[in-house]
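Residue numbers (the numbering used here): 676 to 913. Think of the CB as a built atom: it goes at the ideal place given N, C-alpha and C, for glycine as much as any other residue. Presented below is the structure to which this report refers.
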Amino acid sequence: MTEKNLAVLLIILFFTSCSINGDKKENHFEVKHSGAMRNVMMKGDLQSNIEMDTLSGRNGLYGIGPLEKLRGEILINDGDVFVSTITSENSIKVEQSVNVSAPFFVYSTVDDWKKIDLSGSVASIDDLEALLIKKYSIYQVPFPFKLDGKVSYASIHVQNLPPGTLIRSPEDVHPHRSDFVIENTQVEIIGFFSKNHQGIYTHHDSFIHMHLITTDRNLMGHLDEAVFLDMTLYLPVN
676 MTEKNLAVLL
686 IILFFTSCSI
696 NGDKKENHFE
706 VKHSGAMRNV
716 MMKGDLQSNI
726 EMDTLSGRNG
736 LYGIGPLEKL
746 RGEILINDGD
756 VFVSTITSEN
766 SIKVEQSVNV
776 SAPFFVYSTV
786 DDWKKIDLSG
796 SVASIDDLEA
806 LLIKKYSIYQ
816 VPFPFKLDGK
826 VSYASIHVQN
836 LPPGTLIRSP
846 EDVHPHRSDF
856 VIENTQVEII
866 GFFSKNHQGI
876 YTHHDSFIHM
886 HLITTDRNLM
896 GHLDEAVFLD
906 MTLYLPVN
């Protein structure tokens, strides 16, 4: 091969490589999980699978899951670990603590978010899930998301399983959770979307799992229903 032909070949290879790299999607985050929802709900696997002190303190870290032994809920918001439990008066107590663990947990680190105004376009969880299904084409992998703004209505629950309860199905768990209604309140919501992790960190009939915390940090739990007002959606920059 002559030097001229070699030079032409190298130029072709260079531009081909640039084209391939330019078309490749690169996500600057990775959704990770430990344990599985189905093992908790169907097999009674309530023990710790991950300790929060191994995750806390990381800027840009977000995560959600139940408290060990289903005695509460956990939310990590930008590295801060929030834990909600039920008091003897059947009210929610929210604390910050890294000395807790979870039977299953999903988490990710996000350095940069892009904002989407949802005012007037997304009013319910079903609306939100439909929008996120469309956004999935951007990432092609599971992704975290967050919202902040006002809800006119939201229903959350906090697990409060009595010690020694035998778990063989979700029906053994649901009677022991405490439900709460939130109205006309500023909130933050941390969530995760996946088409491939139903029964792992999303329920079998949904692609999303979300926890809500009020901005005054007085209430936090698993989000079941919501009517959104003036909400902003944040998606990872990819």
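For H901, which of helix, strand or coil comes out of DSSP?
-> Taking the sequence shown and counting its residues from 1, the one referred to as residue 901 is at position 226. Here residue 901 is Ala; the residue named in the question, His, does not match the sequence. Note: A901 maps to strand in three-state DSSP.
For the segment 710-741, list the beta strand (DSSP E) runs that are entirely contained and at least 3 residues long, ordered along the chain.
-> 736-741
Contact set for K789: own chain, Cβ-Cβ below 6 angstroms, skip 5 residues either direction | Counted from its first residue, the sequence shown places residue 789 at position 114. Beyond the five residues adjoining it in sequence on each side, K789 comes within less than 6 angstroms, by CB distance, of L910 and V912 in the same chain, given in chain order.
Nearest to E755 by CA position, among S763, S799, M727 and S776, is which residue?
-> Taking the sequence shown and counting its residues from 1, one reaches residue 755 at position 80. It is worth fixing the name first, because residue 755 is Asp in this sequence and not Glu. Answer by Cα proximity: M727.
Would you kindly check if the distance between the Cβ of I761 and the Cβ of S853 is under 9 angstroms?
-> On the sequence shown, residue 853 is found 178 positions in, with the first residue counted as 1. On the sequence shown, residue 761 is found 86 positions in, with the first residue counted as 1. A contact, by the Cβ cut-off of 9 angstroms.
CA nearest to the CA of I665, picked from N893, N859, G839 and Y782 = One cannot answer for residue 665 here, as it falls past the ends of the chain, which runs 676 to 913.
Output the distance between the C-alpha atoms of S709 and K718, rounded to the nearest integer angstrom.
-> Reading the sequence shown from its first residue, position 34 is the one you call residue 709. Reading the sequence shown from its first residue, position 43 is the one you call residue 718. Cα-Cα distance, rounded: 16 angstroms.
Alpha-carbon spacing of Y814 relative to I725, whole angstroms = Start at 1 with the first residue of the sequence shown, and residue 814 comes out as number 139. Start at 1 with the first residue of the sequence shown, and residue 725 comes out as number 50. Answer to the nearest angstrom: the Cα atoms are 26 angstroms apart.
C-alpha distance - R843 paired with P837, whole-angstrom precision | As a working note, residue 843 is residue 168 in the sequence shown. As a working note, residue 837 is residue 162 in the sequence shown. Straight-line Cα distance between these residues: approximately 15 angstroms.
Taking all protein chains shown into account, do 16 or more other C-beta atoms lie within 10 angstroms of the C-beta of S741, making it buried, or fewer, making it exposed?
-> Your numbering for residue 741 matches position 66 in the sequence shown. The question names Ser, but residue 741 in the sequence shown is Pro. P741 comes out buried.
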